[in-house]
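Asker:
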Amino acid sequence: MKTVMLLLTTLLLAGCSVLGKRSAAEPAYQVLKRDGAFEVRRYGPMVIAETTLDEPDYGAATGKGFNRLAGYIFGKNRSKISIKMTAPVLQERRSEKISMTAPVLQQRNKGGWTMSFVLPEGYTVESAPEPLDPEVKLGEVPPATVVVVRFSGLHSSANLETYGKQLQAWIDKQGYHAISEPKLASYDPPWTLPFLRRNEVQIRIEPDHG
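Taking this note's numbering, I'd label the letters of the sequence shown as residues 50 to 259.
Put into structure tokens, the structure is as follows:
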């Protein structure tokens, strides 16, 4: 029953249609360059809620991380208020070398993952509700120039690897300098038909190349 209620609540907060297409707000950005499925964007500062999981399996980490962060925005916080969900959710493999994450992201190290939700515009680390779960942390992401490649289908560790390589090759061809590991951004809920889903792999670059 709790799982069903969580899915229904997520559906309502995400503003989904019957097919699961998302209409949630996104962080504002400026498109600096567009080349087919590739874009260079400039994002402003963002406040995120993130959690790190010592779970090598992508699917298991995604489920645990989403439930943990969804609990926070659905009221598991000291103020006991709900926060409107935004997109994308970011996932990246854990990394000790790169500590910052943005939108829902995950990076590799010791087989773990990091997942992040971007909080709606207007929140600061100080004004956002304090998480009750000690595994959920609030942080601020500074302005960043980000290169993305967009794809439909499943968000998975295999696609993170495949599109991450494509994105890195495009970055090298353009003469940009990457300063982060690839991050997977998913914009639609899991019940969205795969061919309708919007996914991205994102890599930060040196801002002077934007």
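Even for Gly, the Cβ is constructed at its ideal location relative to N, Cα and C.
#1: Could you give the residue range of the beta strand (DSSP E) that holds F166?
#2: What does DSSP give as the partner residues of T111 in its beta bridges?
#3: Hey, how far is the Cα of S229 from the Cα of R199?
#4: According to the Cβ coordinates, are I97 and S176 closer than 8 Å?
#5: Quick check: the stretch 177–195 against the stretch 86–101, are at least 3 beta-carbon pairs closer than 8 Å?
#6: Identify, in the order they occur along the chain, each residue of the same chain with its Cβ nearer than 6 Å to the Cβ of Q251, setting aside the five sequence neighbours on each side.
#7: On the criterion of 16 or more Cβ atoms from any shown chain inside 10 Å, does P152 qualify as buried, or is it exposed?
#8: Do G114 and W162 have their C-beta atoms closer together than 8 Å?
Answerer: For this structure:
#1: 162–167
#2: In DSSP, T111 forms no bridge with anything.
#3: 18 Å
#4: no
#5: yes
#6: V195, V197, K232, A234
#7: Residue placement at P152 is flagged as unreliable, the pLDDT there being 46, under the threshold of 50; a coordinate-derived value is accordingly withheld.
#8: yes
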